[in-house]
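Chains A and B, in that order, give the protein sequences. All the letters of the first sequence, read from the start, carry residue numbers 234 to 680 under our numbering. All the letters of the second sequence, read from the start, carry residue numbers 646 to 1114 under our numbering. Note that the Cβ used here is the ideal one computed from N, Cα and C, for glycine as well. These numbers come from a predicted model, not from an experiment. See structure below.
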Amino acid sequence: MASAREQIRSLVLSGHTYDQPAATVRELQLEAAREAFTAHRERIPLLRTRADETGIREITGPDDLVPLLFSHTSYKSYPLSFLTGGRWDRLLRWYSTVSVVEPGDVDIDGVNDIDEWTDRVTAAGHRPYITSGTSGKVSFLNCDASDLSFLHDILENLTCWPDPLPPEPTRRGYLLAPASGPMRSIDGYRWHAEVFARPGETRLLTEDPLRVSELMSSALLRRRMAEGTATPQEISSFENVSGAREAELGAAMDRIVDDIAAHRDEPMLIAGMNNQQFALIQELRARGVQDGSLHPDTLVLSGGGNKGRALPDDYQQQFAAFYDGVRRVRSYGMTELQGSCLACENGRYHVPPWVIPLILDQAGEKLLNPEQGVVEGRFAFLDVSLEGRWGGLISGDRVFVDFSPCDCGRAGPVVLPDIQRYGDLGGDDKITCAATLDSYVRGMIHG
Amino acid sequence: MSPTSPMALDGTAAGPVAVVHVVRGEVDEGPRTGHGRADAAFTAPVLDLDKVVWPRTEPGPAFDVPTAEIVDLLVETGEALKADREGLLAEALGRMVRISPLPAEVLERAYAVLWRSFQRPGLYAQIDHELGGADVLDGWREVRLPEGRVAATRAFPPRLVHIIAGNAPGVAAMSVVRGALTKGVNLLKLPSNDLFTATAILRTMAAVAPGHPVVRSFSAAYWRGGDEAVESVLFRPQFFDKLVAWGGESTIRGALKYVGPGFELVSFDPKTSISLIGREAFASPETLARAADAGAADATFFNQQACVASRFQFVEGSWDDADRYAALLCERLGVAREFSSADGPRVGAELREEIDVLRSLAPDYRVWGGYDGRGLVIRSPEPVDFHPDGKIVNVVPVSALAEAVTHAGVATQTVGVYPDTRKPQLRDALACAGVQRVVSLGKAGGMPPGLSHDGFYPLQRLMRWVNDE
């Protein structure tokens, strides 16, 4: 008989992914959580340490999972000096403590930079998906080959759920993203293009790959500034490079805008992070493209939230107005989660069966999951599908989750649309004379 | 938020804590409003902006009070704080314990010595060393200039708004003392991590000398830091000369937009501190024990919540030497001292994860201690990327202390050095890097009055210097 994790994964192909009875899913999830814990404890030293420390030997219920959750910190906890000093072996050793990768799996002979390092990990059958945060330090979240094929299954079967889009390559593609790179959104856009766009008819924001070292450069400059070794020229060139790059991308965006305006009557695939999507919409409106005027078979992918509240508060309403009448993927998700929580007909985000939602207090310590009804708290979860890393994580998001059956007729739980980052909700006004070095660096460079 | 019940007002029952406002020396008995997050709710009187300022059209109440009288008042206030006959400090302490991250025993000991800031020798040390004597506070001091010219100068009372830090109660005491010595008018903005100490001191002073001009020169109130409805109105040269800010990066950055001609920022910048341990520590088991204890004392000041608290300690020696020091240091971190407790808050989840990862990177990284708050030491080949906090010290071996100087910078306030004899050869280089204070290891806590603070003489900086030429 298939393991509980396999059974849950196979739900994605079933055509009834979100229509399972709650009790059945819960039982299967708990068994899958046990399997995931048993398997990952053996292979992921950080989970083993945590289990030893907290005395959790087995999973008897959701409460046992809470002490085992990682935060985002774990995936960027490598000393920066490993990068600045070119200690790629050490970085790999670090990676092997937060993922199932074994140091012996990866050949790092002759690696010169972080991009080559990620390439080598990828060549060994893994994918270190990166996310960047405000500190500039990049997180590395490992997926193995089976995780990637699961992601692919999700997009082939659940794109535009609850009315899934047939996997037919009939669209003109626009990816507001680099050509490649170890970022889940980039892979996701590319795969969508392979499935839903006409071969050879996909335009990119840039033909260049995303470079991890470029993303890391702000973190490295911050470090040099904190050490007092960065020169004014260095800071100035950093800002100029950012500016030049923005100008280049702006020109590419103009070409895409023109092309979309010219082909607005054809079915298209338009994929991009929220900030690019927002810029695109403004430009298209300026070219006279009316709200709701794109071809109805057009598929639009967006995401990435509103980090640092850079977009106007009504950006979602603006997206909805401009893309009125086209097919949109509406979801709540993050790189840390395999497949997002997808919006039903009522706009509530259904948690997929391979994800056990664990709603915690703000401190991230106490489990608040009710049997029924709505609860407010910090979104945490165990994604039992993950093979490449431990799927238990505490997010920075403040959510309302309804554990009762949804009005759409399916079982819950669902995440309600009012989602915010705790960081954006304001601090607690405590004043102290003690500081981190960040106070002396922040504000001097962008990001 | 609902108005607080009378039961909650006395601070003894559960429910929102009641915060007192002092308005020009008197307790504000007006209607109250709710503040704070649900888990840390409190009430405070509705702020009447007209009442917390002093009109510039007339001199402040204490502008003409002789310094000697102010010093007497402060000394008496100190005695009253020590005795606490009115129970005002006890009341504040009771409320502090409920909201402060510091353990009750540390707060108790800190409150028990608040009076020390009000001792006559310390007050005169500030006046004499920072201003050159009380004459310039009380009148015009003659200044002889080149070419036989004679002028006069006076340290004129300023109008100050203080944004005080709440991580150690002594900050409130120091702010009241400095504010009083200037003879100026002072509005203290209370931080949410110490809503009680400043008003308890001001009420004690009011009880000592009801209606005294110095008493009438102080207001203390809470508003949410960065609240434009308050700050855009108050932070104007029409009401205040200087904003005296203790840390709080967001507060300072928020206040910066109001700084302009006639409204100046005096910033006690948020800081971090380190220690340098010379190879002399390894001369004998006794010297090593002494150095480790001194290093622990500096790291645990206010359970490492203070800016003077050491977080990174550079040890001149081999990795083995550093390990020996680290092991002893970890033991000594778990010892209760005047301003620290044996136990501290549990190490937070994020730091725990950072440290768990380092544990698995042995032998490059080594960790002593657990996450129970009794102290934890990480030995690493170079400083860790995160900010050690909550009785956590990062020990880094260096081949020579001069090498450790490169890890000091503009954010470094205090550097403790062992042994004392190494200070002279390091202090210029440390100062060059940005350091403001070099001390004997173990003496980081408690800055003596009369010396510079964060690179300047505070009392001198607070005054308005006016000439008669």
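Pair within 8 Å by beta-carbon distance, residue i and residue j
{"i": "V1083 (chain B)", "j": "R1072 (chain B)", "result": "yes"}
{"i": "T827 (chain B)", "j": "L1006 (chain B)", "result": "no"}
{"i": "P638 (chain A)", "j": "V584 (chain A)", "result": "no"}
{"i": "A270 (chain A)", "j": "I241 (chain A)", "result": "Residue identity differs from the one stated: residue 270 (chain A) is Phe in this sequence, not Ala. For F270 (chain A) and I241 (chain A), no; Cβs fall outside 8 Å."}
{"i": "L978 (chain B)", "j": "A944 (chain B)", "result": "yes"}
{"i": "V698 (chain B)", "j": "H807 (chain B)", "result": "no"}
{"i": "V668 (chain B)", "j": "S918 (chain B)", "result": "no"}
{"i": "A825 (chain B)", "j": "L719 (chain B)", "result": "yes"}
{"i": "T678 (chain B)", "j": "V662 (chain B)", "result": "no"}
{"i": "E439 (chain A)", "j": "P400 (chain A)", "result": "It is Thr, not Glu, that sits at residue 439 (chain A) in the sequence shown. Their beta carbons are not under 8 Å apart, which means T439 (chain A) does not touch P400 (chain A) by this criterion."}
{"i": "G892 (chain B)", "j": "A810 (chain B)", "result": "yes"}
{"i": "P201 (chain A)", "j": "G461 (chain A)", "result": "Residue 201 (chain A) lies beyond the stretch modelled for chain A, which goes from 234 to 680, so this question has no answer here."}
{"i": "E961 (chain B)", "j": "R924 (chain B)", "result": "yes"}
{"i": "K1088 (chain B)", "j": "G1061 (chain B)", "result": "yes"}
{"i": "L502 (chain A)", "j": "L409 (chain A)", "result": "no"}
{"i": "S379 (chain A)", "j": "K309 (chain A)", "result": "no"}
{"i": "G681 (chain B)", "j": "S820 (chain B)", "result": "no"}
{"i": "L910 (chain B)", "j": "A941 (chain B)", "result": "no"}
{"i": "R709 (chain A)", "j": "L388 (chain A)", "result": "Because residue 709 (chain A) is not part of the residues shown, which for chain A are 234 to 680, the question remains open."}
{"i": "V859 (chain B)", "j": "W868 (chain B)", "result": "no"}
{"i": "V1029 (chain B)", "j": "A1053 (chain B)", "result": "no"}
Beta carbon proximity, residue i to chain B, threshold 8 Å
{"i": "L279 (chain A)", "result": "yes"}
{"i": "Q551 (chain A)", "result": "no"}
{"i": "G645 (chain A)", "result": "no"}
Test: residue i CB closer than 8 Å to a CB of chain A
{"i": "R1004 (chain B)", "result": "yes"}
{"i": "D1017 (chain B)", "result": "no"}
{"i": "V1050 (chain B)", "result": "no"}
{"i": "G1054 (chain B)", "result": "yes"}
{"i": "A994 (chain B)", "result": "yes"}
{"i": "D943 (chain B)", "result": "no"}
{"i": "D1001 (chain B)", "result": "yes"}
Per-residue contacts from residue i into chain A (C-beta, under 8 Å)
{"i": "A1078 (chain B)", "result": "G461"}
{"i": "V1029 (chain B)", "result": "P312"}
Closer than 7 Å at the beta carbon, the chain A residues around residue i
{"i": "E998 (chain B)", "result": "F303, S304, T306, S307, S310"}
Any non-hydrogen atom of the ligand NAD within 7 Å of residue i CB
{"i": "D729 (chain B)", "result": "The ligand NAD is not part of the structure shown, which contains no ligands of any sort."}
Quiz item: What residues in the region 311-323 of chain A have a beta carbon less than 8 Å from any beta carbon of chain B?
Solution: Y311, P312, L313, S314, R323
Quiz item: Are the region 1013-1023 of chain B and the region 1038-1046 of chain B touching, with three or more C-beta to C-beta distances below 8 Å?
Solution: Yes, the region 1013-1023 of chain B touches the region 1038-1046 of chain B.
Self-check item: Three CB pairs or more closer than 8 Å across the region 1092-1112 of chain B and the region 763-777 of chain B
Solution: Contact between the region 1092-1112 of chain B and the region 763-777 of chain B is present, because at least three Cβ pairs lie under 8 Å.
Self-check item: Stretch pair the region 869-884 of chain B + the region 792-801 of chain B: three plus CB contacts closer than 8 Å
Solution: Taking a contact to require three or more Cβ pairs closer than 8 Å, the region 869-884 of chain B and the region 792-801 of chain B do not qualify as touching.
Exercise. Anything in the region 321-351 of chain A with a Cβ closer than 8 Å to a Cβ of chain B? List those residues in chain order, please.
Key: In summary, the residues of the region 321-351 of chain A whose CB is separated from some CB of chain B by less than 8 Å are R323, R326, W327, T330, V331, in the order they occur in the chain.
Self-check item: Near-chain B residues of the region 283-310 of chain A (beta-carbon distance less than 8 Å), N- to C-terminal order
Solution: R283, E286, F303, S304, T306, S307, S310
Quiz prompt | Members of the region 872-887 of chain B near chain A, C-beta cut-off 7 Å | solution = none
Quiz item: Taking a cut of 9 Å between CB atoms, which residues from the region 612-632 of chain A lie near chain B?
Solution: I627
Quiz item: If contact means a Cβ-Cβ distance below 9 Å, which residues of the region 586-598 of chain A contact chain B?
Solution: D594, Q595, A596, G597, E598
Quiz item: Are the region 567-577 of chain A and the region 618-636 of chain A in contact at 8 Å, needing three or more beta carbon pairs?
Solution: yes
Self-check item: Meets three-Cβ-pair contact criterion under 8 Å: the region 244-256 of chain A and the region 595-605 of chain A
Solution: Output reads no: the region 595-605 of chain A does not touch the region 244-256 of chain A.
Quiz item: Is it a yes or a no for the region 588-596 of chain A touching the region 548-563 of chain A, going by three-plus beta-carbon pairs under 8 Å?
Solution: no
Practice problem: Inspect the CB distances between the region 277-289 of chain A and the region 329-340 of chain A and report whether three or more fall short of 8 Å. | Solution: Yes, the region 277-289 of chain A touches the region 329-340 of chain A.
Quiz item: Should the region 785-792 of chain B be called in touch with the region 841-858 of chain B, which here means at least 3 C-beta pairs below 8 Å?
Solution: No, because fewer than three Cβ pairs between the region 785-792 of chain B and the region 841-858 of chain B fall closer than 8 Å, the two stretches do not touch.
Quiz item: Do three or more CB pairs link the region 418-434 of chain A to the region 489-502 of chain A at distances below 8 Å?
Solution: yes
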